[in-house]
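Participant: In my numbering, the protein residues as written are 156 to 399.
A single structure is presented below for examination.
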């Protein structure tokens, strides 16, 4: 499949779901609504750019519930760790794996960054696992050259900086990291409000937190990858129902 032969795809991009936040269930209700939307829109893949869970002490009941929600999807899910569910040996994501081992879910867990290829979609996704949230962790550093064929999406969880000044802020994404990109879409997490960082040469955007990305209200990004018109975003408001 050459670049000119790429098929049109739709992705649901979200992040900072923070499942397991106590005592509120607002996050779970928003996440269930996001899954509903993914099903209704028949998206080709779901992208979760970190912080699916709020902390590493999340109970097994929350893990089982989250797996049950993702099991409703008929499409693949690709995710990375964020600062709340960072991926050292004690990460909640290790406990999550047995719940999802029979599902089409990929956790990109290499500290150096790794890719997964979804051949049926002609889609390659890259992401880097976070072992600790600190200034020396650069979410988009060492992103490889994009594959020659198909669509290419990179994932990162961190804070976009305004300039190259070394920062005390953790998980910084410097302008030089973005300027080096030539992937089709960069799906960011960590900031709880949706924002587009830049439109070229790669479209870079924060989805915002599932429960509050639209000026404090629940929303997710629908990402369209079109071989004729390129990449476009549609922020979709969610209508959550209470979760028992």
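Even glycine gets a Cβ: it sits at the ideal position worked out from N, Cα and C.
The model shown is predicted, which means the values in this text are computed figures rather than measured ones.
1) Ignoring anything shorter than 3 residues, give me the beta strand (DSSP E) runs that lie fully in the stretch 280-348, in order along the chain.
2) What separation, rounded to the nearest whole angstrom, lies between the Cα atoms of residue 218 and residue 182?
3) Take every Cβ of the stretch 248-258, pair it with every Cβ of the stretch 292-301, and state whether three or more of those distances are shorter than 8 Å.
4) Kindly indicate which three-state DSSP category residue 388 falls into: helix, strand or coil?
5) Determine the contact status of residue 379 and residue 204, defining contact as a CB-CB distance below 7 Å.
6) Look up residue 165 in the DSSP assignment and say whether it is helix, strand or coil.
7) Tell me residue 202's beta-bridge partners as DSSP assigns them.
8) Bridge partners of residue 381, per DSSP?
9) Can you tell which of 341, 305 and 320 has the C-alpha that lies nearest to the C-alpha of residue 295?
10) Three or more C-beta pairs under 8 Å: does that hold for the stretch 330-344 against the stretch 356-368?
11) Should residue 198 be labelled buried (16 or more other beta-carbon atoms within 10 Å of its own) or exposed?
12) Three Cβ pairs or more, each shorter than 8 Å: is that satisfied between the stretch 225-245 and the stretch 262-273?
13) Can you tell me whether DSSP reads residue 366 as helix, strand or coil?
14) State yes or no: is the C-beta of residue 280 within less than 7 Å of the C-beta of residue 269?
15) Looking at the unbroken alpha helix (DSSP H) that takes in residue 242, where does it start and where does it end?
16) Between 231, 232 and 176, which has its C-alpha nearest residue 209's C-alpha?
17) Measure the beta-carbon distance from residue 312 to residue 326 and round it to whole angstroms, keeping in mind my assumption that it falls under 8 Å.
18) Ignore the nearest five residues each way along the sequence and tell me which others in residue 180's own chain have a CB closer than 6 Å to its CB.
19) In whole angstroms, give me the CA-to-CA distance for residue 188 and residue 304.
20) Grab the span of the alpha helix (DSSP H) containing residue 358 for me, first residue to last.
21) State the DSSP-derived secondary structure class of residue 249, mapped to helix, strand or coil.
22) Considering only C-alpha positions, which residue in the set 200, 191, 178 and 207 is nearest to residue 171?
23) Considering residue 217, what are the terminal residues of the alpha helix (DSSP H) in which it resides?
24) Residue range of the beta strand (DSSP E) that residue 174 falls in?
25) Quick check: the Cα distance between residue 214 and residue 330, rounded to an integer number of angstroms?
26) Going by CA-CA distance only, name the one from 293, 275 and 274 that's closest to residue 282.
Facilitator: Reading it off the structure:
1) 306-312 and 340-344
2) 14 Å
3) no
4) strand
5) No, Cβ-Cβ distance for residue 379 and residue 204 is not below 7 Å.
6) strand
7) Beta-bridge partners assigned by DSSP to residue 202: 168 and 233.
8) 385
9) The option with the nearest alpha carbon to residue 295 is 341.
10) yes
11) buried
12) yes
13) Coil, per DSSP.
14) No, the pair does not count as a contact, with Cβ atoms beyond the cut-off.
15) Unbroken run through residue 242: none, as it is neither H nor E.
16) 176
17) 7 Å
18) 398
19) 33 Å
20) It is not in any alpha helix (DSSP H) - residue 358 instead sits in the beta strand (DSSP E) that spans 358-361.
21) helix
22) 207
23) 215-226
24) First-last for residue 174: undefined, no H or E at that position.
25) 38 Å
26) 293
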